[in-house]
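Comments concern the structure below.
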Amino acid sequence: MKYALYATLMVTLLYTYTTSPQLPSHIFRGRILTSPTAPWEPGHIIFPLTQDSIPLEETDKITVDVASPQHRVFYICYITGQKSRVYRFPEGTVTDTLVTIQIPDTSFYEPFAAKKTCPVCLSRKNVIPVLYGFPSPKMFRDADAGKIALGGCVIGDYHPTRYCKKDHLEF
Ligand SMILES: [Zn+2]
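Each position in the sequence shown, counted from 1, maps to that position plus 1 in our numbering.
Okay, here's the thing in structure tokens:
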């Protein structure tokens with residue numbers, strides 16, 4: 002009788018252990034996918050809700066604690082301006098154990114740029130165009146008035162066409 006009870010208890014414990022789903026974590030773990038065209042570079046994890054940031058360490062792995070509400074939206078930005086997609090964990094929990102982070106992730110931003118919608122605040126309210134080339138006097142005036150953002154004279158491979166004034170994000 003005693004052994005039977007013990008055996009039942011063991012089976013129950015084993016069953017619980019093997020079938021319970023993996024508990025969601027509040028630690029985001031990501032690995033930056035490097036490629037010959039986008040090798041690892043120094044950069045930051047940017048938290049647009051608070052405009053704070055964490056420098057990338059000398060490794061392609063990052064961890065972010067998303068328990069804090071201010072750190073539930075973030076992206077990775079290299080010093081050259083190449084960005085990962087915007088990661089968003091509204092519940093403060095992460096289910097993937099290791100997320101592969103692609104930089105640059107232009108295909109993520111293209112639909113947002115086409116719709117003139119900011120990928121952080123999901124609004125068009127503070128989105129202005131980014132204009133390139135040597136600015137004319139009118140462009141300088143419009144930039145001062147916050148109607149446009151100046152993208153500079155040189156158009157490189159990566160040239161964002163929109164800028165959100167609220168989140169300070171080019172896309
Ligand atoms: Zn925004």
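For glycine and all other residues, C-beta sits at the position ideal for the given N, C-alpha and C.
query: Chain-ordered residues, beta carbon under 5 Å from a heavy atom of ligand 1; result: C119, V121, C122, C165, K167 and D168
query: Those runs of the beta strand (DSSP E) which lie wholly inside the region 57–133 and span at least 3 residues; result: 62–66, 74–79, 100–103 and 128–133
query: Status (buried if at least 16 other CB within 10 Å, exposed otherwise) for P105; result: buried
query: Where the alpha helix (DSSP H) containing A144 begins and where it ends; result: P138 to D145
query: Length at least 3, wholly inside the region 145–171: the beta strand (DSSP E) runs in chain order; result: 150–153 and 163–165
query: S54 vs H45 beta-carbon contact at 8 Å; result: yes
query: Test item: CB-CB of L57 and P40 under 8 Å; result: no
query: Spatial neighbours of D168 in its chain, beta-carbon cut-off 7 Å, leaving aside the 5 residues before and after; result: P49, C119, V121 and C122
query: For L34, the residue or residues it bridges with in DSSP; result: Q103
query: Neighbour-count burial assignment, A146, 16 or more Cβ in a 10 Å radius; result: exposed
query: Rounded straight-line distance, which links the Cα of K166 to that of E59; result: 31 Å
query: Straight-line gap, S66 to V131 (C-alpha atoms, nearest Å); result: Ser is not the amino acid found at residue 66; the sequence shown has Asp there. So the two alpha carbons sit approximately 33 Å from each other.
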